[in-house]
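Position one of the first sequence corresponds to residue 149 (our numbering), numbered consecutively onward.
For reference, the structure discussed in these notes is given below.
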Amino acid sequence: MNLKQVIKDDIYNILTDHLNRDDILVESPKDRKMADYAVPCFSLAKILRKSPNDIAQMIKDNLDNELYENVEVVNGYLNIFINKKIITEYIINKITVDKSKYGSNNFGNNKTIVIDYSSPNIAKPFGVGHLRTTVIGNALKNICEKNGYKVISINHLGDWGTQFGKLIYAYKKWGNEELVRQNPIDELGKLYVKFHKEIENNPALEDEGRKCFKNLEDGDSESLKLWDWFKEESLKEFAKTYDLLGINKFDSYAGEAFYNDKMDSVIDELDAKKLLEFSDGAYVVRLTDDMPPALIKRSDGATLYITRDLAAAFYRKKNYNFDEALYVVGNEQTLHFTQLKLVIEKMGYDWSKDIKHISFGMVLQDGKKMSTRHGKSIKLHEVLDEAIELANKYIKDRSPELENSDEVSRQVGVGAVIFNDLKNYRTSDIEFNLEEILKFEGETGPYIQYTNARINSLLKHKQSINIDYNKIKINEFTWNLVFKLYSFPEIVMRAKEKYDPSEIATYIIDLAQDFNKFYANEKIIDNDKEATEFRLIISEIVAIVLEEGMRLLGIEAPKKM
RNA sequence: GUCCUCGUAGCUCAGCUGGAUAGAGCAAUGCCCUUCUAAGGCAUCGGUCGGGCGUUCGAAUCGCUCCGAGGACGCCA
Numbered sequence: 149m150n151l152k153q154v155i156k157d158d159i160y161n162i163l164t165d166h167l168n169r170d171d172i173l174v175e176s177p178k179d180r181k182m183a184d185y186a187v188p189c190f191s192l193a194k195i196l197r198k199s200p201n202d203i204a205q206m207i208k209d210n211l212d213n214e215l216y217e218n219v220e221v222v223n224g225y226l227n228i229f230i231n232k233k234i235i236t237e238y239i240i241n242k243i244t245v246d247k248s249k250y251g252s253n254n255f256g257n258n259k260t261i262v263i264d265y266s267s268p269n270i271a272k273p274f275g276v277g278h279l280r281t282t283v284i285g286n287a288l289k290n291i292c293e294k295n296g297y298k299v300i301s302i303n304h305l306g307d308w309g310t311q312f313g314k315l316i317y318a319y320k321k322w323g324n325e326e327l328v329r330q331n332p333i334d335e336l337g338k339l340y341v342k343f344h345k346e347i348e349n350n351p352a353l354e355d356e357g358r359k360c361f362k363n364l365e366d367g368d369s370e371s372l373k374l375w376d377w378f379k380e381e382s383l384k385e386f387a388k389t390y391d392l393l394g395i396n397k398f399d400s401y402a403g404e405a406f407y408n409d410k411m412d413s414v415i416d417e418l419d420a421k422k423l424l425e426f427s428d429g430a431y432v433v434r435l436t437d438d439m440p441p442a443l444i445k446r447s448d449g450a451t452l453y454i455t456r457d458l459a460a461a462f463y464r465k466k467n468y469n470f471d472e473a474l475y476v477v478g479n480e481q482t483l484h485f486t487q488l489k490l491v492i493e494k495m496g497y498d499w500s501k502d503i504k505h506i507s508f509g510m511v512l513q514d515g516k517k518m519s520t521r522h523g524k525s526i527k528l529h530e531v532l533d534e535a536i537e538l539a540n541k542y543i544k545d546r547s548p549e550l551e552n553s554d555e556v557s558r559q560v561g562v563g564a565v566i567f568n569d570l571k572n573y574r575t576s577d578i579e580f581n582l583e584e585i586l587k588f589e590g591e592t593g594p595y596i597q598y599t600n601a602r603i604n605s606l607l608k609h610k611q612s613i614n615i616d617y618n619k620i621k622i623n624e625f626t627w628n629l630v631f632k633l634y635s636f637p638e639i640v641m642r643a644k645e646k647y648d649p650s651e652i653a654t655y656i657i658d659l660a661q662d663f664n665k666f667y668a669n670e671k672i673i674d675n676d677k678e679a680t681e682f683r684l685i686i687s688e689i690v691a692i693v694l695e696e697g698m699r700l701l702g703i704e705a706p707k708k709m
């Protein structure tokens with residue numbers, strides 16, 4: 149049931165003359181006290197050559213549908229109040245039957261979407277900068293599945309490239325095997341930073357790094373051995389972080405190195421299609437006039453980022469036959485993905501349009517980009533540890549009798565960090581603010597979890613009593629909840645269309661706020677058994693949607709906290 | 001310099017395809033646990049929606065322009 153559509157159809161049937169269905173706007177007013185739905189009649193006034201008020205009045209006089217409880221004409225608007233009883237009964241039945249499936253749709257028709265996200269760099273600490281791609285990608289995976297798509301999650305590990313030349317060089321020159329064995333990621337991170345510090349005095353090092361990478365790419369066994377070792381240690385470390393975050397296993401961990409033997413065919417094809425051009429010793433593909441060319445091969449013959457991404461795109465198209473390929477990567481790489489699409493388009497493949505760069509703003513520190521090169525990035529596990537510790541403090545303080553307090557602390561602390569990152573998904577940058585992340589009040593993950601836990605403790609009182617809806621009074625607080633729950637499926641669709649988890653995040657915050665108002669203003673459990681049962685059912689379906697919303701975002705929902 | 005993104009309350013941000021007095025959270029101040037989890041609720045304070053011009057019955061939203069912030073711009077990823 150789509151109420152907006154029903155309203156549109158009803159009005160269309162009244163105003164058949166000279167009108168397109170799309171001329172009729174049905175919107176949600178800002179203030180729900182004005183109406184549940186509002187139809188502005190200003191644009192209709194022009195078409196029908198009557199005043200907006202007259203049109204609204206005319207519609208009102210002819211509307212006849214039990215779904216409308218009341219219709220008002222105000223300032224050129226037609227304000228419609230929906231029949232509370234019908235919708236309440238409908239939504240209760242719907243959600244109690246569908247449970248967590250509520251809001252799912254089959255829009256995707258089982259088509260395949262591959263999502264490339266997280267993709268941390270080997271031998272570098274998992275920094276807070278990588279949190280965004282990880283949690284946004286994870287949420288998008290869930291959201292796409294909820295919309296009926298088949299999703300392939302790919303962790304495109306940053307395990308190849310000049311950075312490894314630099315690292316191998318630095319390790320050979322300053323590295324200490326014992327230290328690296330004890331504390332691999334930190335030590336390697338230090339070496340990487342040291343390398344970039346030394347470059348300032350000795351720019352020739354840049355070339356040494358490149359040389360080492362070329363060596364690696366040519367199969368030098370000592371370099372490969374080091375690379376293997378670095379990679380193995382890194383993966384162990386990453387696994388810990390993913391576990392902590394509660395991120396499921398990826399369908400593929402094919403990183404950049406995986407495409408080593410798959411680049412030649414792409415380069416050959418570019419050549420055969422006369423797209424490859426020799427320029428300053430390097431091979432490039434010229435794109436548009438106002439864009440730098442795509443560098444396919446360096447003058448020393450080594451490959452580049454886009455070469456590997458091209459090979460990856462072809463591999464994925466061939467193996468997964470995707471309908472869409474999403475890349476959840478920061479917006480500073482916009483040019484790279486524009487080039488990637490253009491090269492594929494120039495090669496004559498129309499599926500280049502299915503490649504979508506899902507960009508997001510950077511995490512800034514003091515208004516500037518964080519840089520692993522200068523050792524400025526903040527480690528993710530440190531932030532998570534602090535959040536978990538704080539959650540633990542809350543629990544010790546307020547629910548000292550809680551049994552699995554360690555597990556709940558983890559869920560709440562991590563939930564706070566994830567929600568903080570997802571609530572404001574915009575392409576603009578965000579300033580890293582630990583204080584903000586460690587706030588568990590207001591529009592936060594713990595607020596939603598707390599609301600949910602509260603409902604779960606209420607539900608102990610639930611019995612199985614049949615409700616006669618004719619006897620139930622539906623007040624403002626209840627109706628707000630029901631109407632909000634009604635809109636969840638629409639939100640799920642919009643989150644997919646916009647590739648935007650924050651649609652879900654802001655929705656469940658609103659829902660939790662509405663519930664807390666309901667909770668504060670009504671005694672849920674009282675002597676009237678039937679009314680009590682009704683309020684408990686409302687609470688229960690709110691919890692179902694809250695939990696499902698949290699699941700979509702990758703946030704766990706403890707039953708007690 | 002060229003291109004991209006952005007500029008809404010002291011801070012962090014919502015604001016759907018232009019629509020009715022611009023909304024939350026945090027911070028500040030004052031209330032509410034002899035009622036179900038106070039990680040909660042209520043109230044007050046707080047805005048010339050960066051400036052200007054234009055399109056429109058109507059602009060935070062669209063267009064132009066200026067100012068400001070950040071990013072990208074051939075051998076990093």
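Glycine residues also receive a C-beta, built at the ideal position from the N, C-alpha and C atoms.
With respect to G313, C360 sits close: the two C-beta atoms are nearer than 7 angstroms. In the three-state scheme derived from DSSP, where H, G and I count as helix and E and B as strand, F426 is classed as strand. Exposure of A420 is indicated by the presence of fewer than 16 other C-beta atoms within 10 angstroms of its C-beta. 7 angstroms or more divides the Cβ of T436 from the Cβ of I444.
For K504, the secondary structure class from DSSP, reduced to helix, strand or coil, is strand.
In this structure I536 is buried. Its beta-carbon is surrounded by 16 or more other beta-carbon atoms within 10 angstroms. Note on geometry: alpha-carbon atoms of Q597 and V341 lie some 40 angstroms from one another. Checking the DSSP bridge columns, you'll see V219 partnered with I228.
Taking 7 angstroms as the cut-off, the beta carbon of M411 is found no closer than this to the beta carbon of A460. When DSSP states are grouped into helix, strand and coil, K517 belongs to the strand group. Following the DSSP letters along the chain, one finds L570 inside the alpha helix (DSSP H) bounded by residues 553-570.
By the 16-neighbour rule on beta-carbons within 10 angstroms, G593 is buried.
Rounded to whole angstroms, the separation of the alpha carbons of H344 and G277 is 19 angstroms. In the structure shown, the three-state DSSP call for S301 is strand.
For D212, DSSP records no beta bridge to any residue. Minimum Cα-Cα distance from N231 among the listed residues L192, N628, V262, N290 corresponds to N628.
Annotation: the stretch 637-696 contains the following complete segments of the alpha helix (DSSP H) (minimum length 4 residues), in chain order: 650-669. The continuous alpha helix (DSSP H) containing L288 extends over residues 277-294. Secondary structure note for T482: its alpha helix (DSSP H) is the uninterrupted segment 482-494. Secondary structure of P188 (DSSP, three-state): strand. Selection V328, K621, K571 evaluated against I652 yields K571 as nearest (Cα-Cα). Using a Cβ distance threshold of 7 angstroms, I492 and S500 count as a contacting pair. Segment contact: the stretch 396-409 against the stretch 292-310, three or more CB-CB distances shorter than 8 angstroms; contact assigned. In this structure, DSSP gives T455 a helical state, which the three-state scheme calls helix. Pairing Y542 with G702, the inter-Cα distance amounts to about 22 angstroms.
DSSP places E549 outside both helix and strand once states are collapsed to three, so it counts as coil. Nearest Cα to L151 within the set L211, L215, A204: L215. A601 places its beta carbon less than 7 angstroms from that of P706. In this structure, G256 lies near Y297, with their beta-carbon atoms less than 7 angstroms apart. With a contact defined as Cβ atoms closer than 8 angstroms, L528 and G285 miss out at about 15 angstroms. Look at the beta carbons and you see the stretch 222-229 not touching the stretch 257-276: under three pairs across the two are nearer than 8 angstroms.
For K362 and V693, the gap between their C-alpha atoms comes out near 53 angstroms. In the three-state reduction of the DSSP assignment, L474 falls in the strand class, which pools E and B. For D391, the enclosing alpha helix (DSSP H) has its first and last residue at 369-393. Between N568 and S557, the C-beta spacing is not below 7 angstroms.
Taken atom to atom, the span from the alpha-carbon of I672 to that of L288 is near 36 angstroms.
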